[in-house]
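Visitor: Here the protein sequences come in this chain order: A and B. My numbering applies: residue 351 is where the first sequence begins, and numbers increase by one. My numbering applies: residue 351 is where the second sequence begins, and numbers increase by one. Pasting a structure below so you can have a look.
There are 2 protein chains.
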Amino acid sequence: MTGPADKPADLGEFGRIAKFFAPLAATPGALGLTDDAALVDCPAGERLVVTVDAMVEGVHFLPDDPPDLVARKLVRVNLSDLAAMAARPVGYLLTTALPKSRGDDWLAGFAAGLAQDQAEFGITLLGGDSVSTQGPISLTLTAFGRVADGAEVRRGGARPGDLVFVTGTIGDGALGLEAAQGKLDGVLDPVDVAYLADRYRLPQPRVGLGPRLSGLASAMMDVSDGLVGDLGHICEVSGVAGLIEAGQVPLSAAAARLPDRLATVLTGGDDYELLFTAPPERQAAVQAAAVAAGVPVTVIGRIEAGQGVRVLDPAGGALALTGVGWRHF
Amino acid sequence: MTGPADKPADLGEFGRIAKFFAPLAATPGALGLTDDAALVDCPAGERLVVTVDAMVEGVHFLPDDPPDLVARKLVRVNLSDLAAMAARPVGYLLTTALPKSRGDDWLAGFAAGLAQDQAEFGITLLGGDSVSTQGPISLTLTAFGRVADGAEVRRGGARPGDLVFVTGTIGDGALGLEAAQGKLDGVLDPVDVAYLADRYRLPQPRVGLGPRLSGLASAMMDVSDGLVGDLGHICEVSGVAGLIEAGQVPLSAAAARLPDRLATVLTGGDDYELLFTAPPERQAAVQAAAVAAGVPVTVIGRIEAGQGVRVLDPAGGALALTGVGWRHF
């Protein structure tokens, strides 16, 4: 909550806190944003789950992206990390580094987006820091969740014979960035372009499903760096190998209409879907959890002994990643 | 722990994590930095205290400041916030946004500073995020501490009749910035300039004293925005008035040798000393706690009924803040 005196102009730090952030922090632990730190309760038998993600203008969002959507994406990429641990979200700390050229209008839109997602996900602002920068907007959000002791799902539990599952559809994040940059104009119908751009700008963290997979999933993470690479992380930490059947990877209707999309779908990032493994005997329970959460779940492959990730093309042949894409071998 | 694919070059994100950050995260809750989030235990009867502070190159530190000192300042400004709540530090999450022009050399020095302060303060890295930026270096640290339920000291408890205390010496932070910028060359002896610059670059968070003041201090915060303004925060939240006797404000020998320093001492920031109030009958216990912690504590004023902060000059006359400094009235 504290910081040096060089702050963005206009309302000043304290004015901005009072106008934009205090209304978002109406929980006792936030202490009205008037103290040096915030308090987070953790009931006996539970553990706190903490994660942080940063977003930089020009790198993670576009300068003319609507500020409310920037705020909501920042919230959601962090909630996705909590969901991937099977944790329920509780609240967050926020840091904004803004250039003086970004006035209170930008912050008003940003705060409106935070308010919208606080209501949607049942979370609250707990505190933060506001500083100025001479560079692009830089945002950091620290999210807090809770999970019963031992109920967290980690990356290291995948075992040979497990099935590999994903939620939702894969590839929309990376294709959506291309859509938002105008690269798909004329390639896809404008409705498809808008759909994909929205998927990039506003991920859907699977907060309803994540906690339901505790005790079912043997390993879990969210797809943020790309499907193949992320399954590779699970396999490396678990000491196993992974197999993905490319033809089983679920695509949105918009992505399915795009030619030559396979490399992007398999290696693009920013999907924020859950990627998890579970033994076949739990498949029915996984599907029941998915129905209860209202989130589609698809089996896309399996875990084997060994190491690395293999991808089978729809015809059953192997694909290999090269420096510039994918090739048959 | 997750993030988009556009990362600083050289080792790559995962290489940097493995080389620089994994050695700092040797605690079970960090999960080896391999999961989407970290776990923080909170024993029954305790609460977690959380705070976040950001530092931006060119705003909060100078581009040629040694990276190990930048790291240690980032740690310490956050630990100071925890101390001001009477909490004991536990660990932290770290976010770095680096331009590609800052290579692994900078990060190696930065990580060395983190390691040094982890050892000094008994804390550990729990996780983080590494992203690239096209702007100046932007750093965010989220610190976690623990405090027995109800033992936290907040800002709102000051009562008329309480004494006002500070730790250490005041004004060195702001004067130290001037020293680091070369503005005091020729005004002060080089030894004094170096002393003040070091005080700016490397604050001493009062982590040993803060928790000892639980049950003694009626209100507490750290001096980061300037002594008068910060006491004003305590007074506003507590619904009381504050009186500072300028002649009692403890100065370092270097600061004491500087002419015309009063406005800077009273209103400069970045001291990261503790500012707290306590009833007179607890003064002996406060001094005993200070001796036990090895931190000097000085009474600089008192709390009265009313609102606002008055400053008495050494001769007993009132001082008032103007737009450009202090005047008698």
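Idealized CB from N, CA, C, for every residue including glycine.
#1: For A/S488, write down the residues that DSSP places opposite it in a beta bridge.
#2: Per the contact definition of three or more C-beta pairs closer than 8 Å, is the region 388 to 407 of chain A in contact with the region 515 to 530 of chain A?
#3: Hey, out of A/L475, A/V440 and A/L389, whose CA is closest to A/F370's CA?
#4: Starting from the Cα of A/E654, find the closest Cα among A/P600, A/E502, A/C585 and A/L566 and give me that residue.
#5: Please return the same chain residues whose Cβ sits closer than 6 Å to the Cβ of A/L443, not counting the five positions on each side in sequence.
#6: Quick one: grab the DSSP three-state call for B/Y550.
#7: Identify, in the order they occur along the chain, each residue of the same chain with its Cβ nearer than 7 Å to the Cβ of B/R562, setting aside the five sequence neighbours on each side.
#8: Note down, in chain order, every chain A residue with its Cβ under 9 Å from the Cβ of B/D391.
#9: Could you name the residues of chain A that B/L432 contacts, counting a contact when the two beta carbons are closer than 8 Å?
#10: Which chain A residues are close to B/P540, counting only those with a beta carbon under 7 Å from its beta carbon?
#11: Return helix, strand or coil for B/W676, following the three-state DSSP convention.
#12: Express the C-alpha separation of B/D386 and B/P373 in angstroms, rounding to a whole number.
#13: For A/S627, which residues does DSSP report across the bridge?
#14: Is the beta carbon of A/L398 closer than 8 Å to that of A/F494?
#15: Residues of the region 652 to 673 of chain A with a CB closer than 9 Å to any CB of chain B: list them in chain order, please.
#16: In the region 508 to 524 of chain A, which residues sit with their C-beta less than 7 Å from some C-beta in chain B, listed in chain order?
#17: Thinking just about the alpha-carbon of each residue, which of B/P553, B/L566 and B/L612 is nearest to the one in B/A628?
#18: With DSSP collapsed to three states, give me the class of A/E586.
#19: Looking at the strands, I want to know which residues DSSP matches up with A/P439.
#20: Can you pull the chain A neighbours of B/Q484, defined as C-beta to C-beta under 9 Å?
#21: Would a check of beta-carbon distances place A/G558 closer than 8 Å to chain B?
#22: Using beta-carbon positions only, say whether B/V649 and B/R556 come within less than 8 Å of one another.
#23: Taking C-beta pairs closer than 7 Å, name the residues in chain A that B/V615 reaches, listed in chain order.
#24: With distances taken between CB atoms, is the gap from B/G667 to B/I594 smaller than 8 Å?
#25: Please return the same chain residues whose Cβ sits closer than 7 Å to the Cβ of B/G395, not counting the five positions on each side in sequence.
#26: Is there a Cβ of chain A sitting closer than 8 Å to that of B/G478, yes or no?
#27: Just the C-alpha distance for A/D467 and A/I473, rounded to the nearest angstrom, thanks.
#28: Starting from the N-terminal side, write out each stretch of the beta strand (DSSP E) that is 3 residues or longer and does not extend beyond the region 447 to 483 of chain A.
#29: Which value, in whole angstroms, describes the spacing of the CA atoms of B/R504 and B/Q657?
#30: Rounded C-beta distance between A/D620 and A/S588? I'm assuming under 8 Å.
#31: Less than 8 Å separating the beta-carbons of A/A605 and A/V615?
#32: Quick one: what does DSSP say B/K357 is sitting in, helix, strand or coil?
#33: Are the Cβ atoms of B/P449 and B/G485 separated by less than 8 Å?
#34: What span of residues does the alpha helix (DSSP H) with A/G526 cover, start to end?
#35: Just the chain B side, please: which residues come within less than 7 Å of A/R551 by C-beta, in chain order?
#36: Please determine, among B/N428, B/V390, B/L457 and B/G379, the residue with the shortest C-alpha to C-alpha distance to B/G365.
Guide: Quick answer:
#1: Residue mapping note: residue 488 of chain A aligns to position 138 of the first sequence, counting from 1. In the DSSP output, where bridge partners are listed per residue, A/S488 has A/V406 and A/A447.
#2: No: the two stretches stay apart, fewer than three of their Cβ pairs being nearer than 8 Å.
#3: Here the question's residue 370 of chain A lines up with position 20 in the first sequence. Among A/L475, A/V440 and A/L389, the Cα nearest to that of A/F370 is on A/L475.
#4: To locate residue 654 of chain A, count along the first sequence from 1; it is residue 304. Nearest C-alpha to A/E654: A/C585.
#5: Counting from 1 along the first sequence, the entry for residue 443 of chain A is found at position 93. Around A/L443: L476, G477, G478 and T492.
#6: Taking the first residue of the second sequence as position 1, residue 550 of chain B is located at position 200. For B/Y550, the secondary structure class from DSSP, reduced to helix, strand or coil, is helix.
#7: As a working note, residue 562 of chain B is residue 212 in the second sequence. If we look at B/R562 and ignore the five residues flanking it on each side, its Cβ neighbours are A639, A642 and A643.
#8: Along the second sequence, read from residue 1 onward, the residue named residue 391 of chain B stands at position 41. From the beta-carbon of B/D391, the residues of chain A found nearer than 9 Å are C392, R397, L398 and D499.
#9: Within the second sequence, numbered from 1, the residue matching residue 432 of chain B stands at position 82. Simply D386 and A387.
#10: Numbered from its first residue, the second sequence carries residue 540 of chain B at position 190. Residues of chain A passing the Cβ test: none, with the nearest at roughly 25 Å.
#11: For the purposes of this step, residue 676 of chain B is taken as residue 326 along the second sequence, with counting starting at 1. Any reading at B/W676 must be qualified, since the residue scores a pLDDT of 44, below 50, and its modelled position is unreliable; the value itself is stated next. DSSP places B/W676 in strand when its eight states are reduced to three.
#12: Within the second sequence, numbered from 1, the residue matching residue 373 of chain B stands at position 23. Within the second sequence, numbered from 1, the residue matching residue 386 of chain B stands at position 36. The straight-line gap from Cα to Cα measures roughly 18 Å.
#13: In the first sequence, residue 627 of chain A corresponds to position 277, counting from 1. According to the sequence shown, residue 627 of chain A is Thr rather than Ser. For A/T627, which the question treats as bridged, DSSP gives the partners A/V514 and A/A569.
#14: For the purposes of this step, residue 494 of chain A is identified with residue 144 of the first sequence, where counting begins at 1. For the purposes of this step, residue 398 of chain A is identified with residue 48 of the first sequence, where counting begins at 1. Contact flag set, yes.
#15: Shown here is that no member of the region 652 to 673 of chain A has a Cβ falling below 9 Å from a Cβ of chain B.
#16: Hits within the stretch: zero.
#17: Sequence index remark: in the second sequence, residue 628 of chain B carries index 278 (1-based). Per the C-alpha coordinates, the member of B/P553, B/L566 and B/L612 positioned closest to B/A628 is B/L566.
#18: Start at 1 with the first residue of the first sequence, and residue 586 of chain A comes out as number 236. It is helical.
#19: Residue 439 of chain A sits at position 89 when you count from the first residue of the first sequence. Answer is A/G495, bridged to A/P439.
#20: Position 134 of the second sequence, counted from the first residue, corresponds to residue 484 of chain B. Those are V406, E407, G408, V409, G485 and P486, listed as they occur along chain A.
#21: Within the first sequence, the letter at position 208 stands for residue 558 of chain A. Not closer than 8 Å to any Cβ of chain B, the Cβ of A/G558 fails to qualify, so no.
#22: Translated into positions along the second sequence, residue 649 of chain B becomes position 299. Translated into positions along the second sequence, residue 556 of chain B becomes position 206. Inclusion of B/V649 and B/R556 in the CB contact set at 8 Å is not warranted, their separation being larger than that value.
#23: As a first step, residue 615 of chain B is located in the second sequence; it is residue number 265 there, counting from the start. Ordered by position in chain A, no residue passes the 7 Å Cβ test against B/V615, which lies about 14 Å from the chain.
#24: By 1-based counting over the second sequence, the position of residue 667 of chain B is 317. By 1-based counting over the second sequence, the position of residue 594 of chain B is 244. Taking the C-beta atoms as reference points, B/I594 is found no nearer than 8 Å to B/G667.
#25: Here residue 395 of chain B is taken as the residue at index 45 of the second sequence, counted from 1. Closer than 7 Å at Cβ, skipping near neighbours: A498 and D499.
#26: Taking the second sequence and counting its residues from 1, one reaches residue 478 of chain B at position 128. In terms of beta-carbon proximity, B/G478 lines the interface with chain A, with at least one pair separated by less than 8 Å.
#27: Residue numbering aside, residue 467 of chain A sits at position 117 when the first sequence is read from its first letter. Residue numbering aside, residue 473 of chain A sits at position 123 when the first sequence is read from its first letter. Here the alpha carbon of A/D467 sits roughly 8 Å from the alpha carbon of A/I473.
#28: As far as the region 447 to 483 of chain A is concerned, its whole beta strand (DSSP E) runs of at least 3 residues are 474 to 482.
#29: Here the question's residue 504 of chain B lines up with position 154 in the second sequence. Here the question's residue 657 of chain B lines up with position 307 in the second sequence. Computed Cα separation, rounded: 18 Å.
#30: Residue 620 of chain A sits at position 270 when you count from the first residue of the first sequence. Residue 588 of chain A sits at position 238 when you count from the first residue of the first sequence. The pair is not a contact, with the Cβ atoms about 24 Å apart (cut-off 8 Å).
#31: For this step, residue 605 of chain A is matched to residue 255 along the first sequence. For this step, residue 615 of chain A is matched to residue 265 along the first sequence. The answer is yes: Cβ separation under 8 Å.
#32: Against the second sequence, residue 357 of chain B aligns to sequence position 7. The pLDDT assigned to B/K357 is 43, lower than 50, so where the model puts this residue is not dependable; a value taken from the coordinates is nonetheless given after this. Here B/K357 sits in coil by DSSP.
#33: Within the second sequence, numbered from 1, the residue matching residue 449 of chain B stands at position 99. Within the second sequence, numbered from 1, the residue matching residue 485 of chain B stands at position 135. Yes, the Cβ-Cβ distance between B/P449 and B/G485 is below 8 Å.
#34: Within the first sequence, the letter at position 176 stands for residue 526 of chain A. Annotation: the continuous alpha helix (DSSP H) that includes A/G526 extends over D522 to A530.
#35: In the first sequence, residue 551 of chain A corresponds to position 201, counting from 1. Chain B residues near A/R551: none, gap ~13 Å exceeds 7 Å.
#36: Along the second sequence, read from residue 1 onward, the residue named residue 365 of chain B stands at position 15. Residue nearest to B/G365 within the set B/N428, B/V390, B/L457 and B/G379 is B/L457 (criterion: CA-CA distance).
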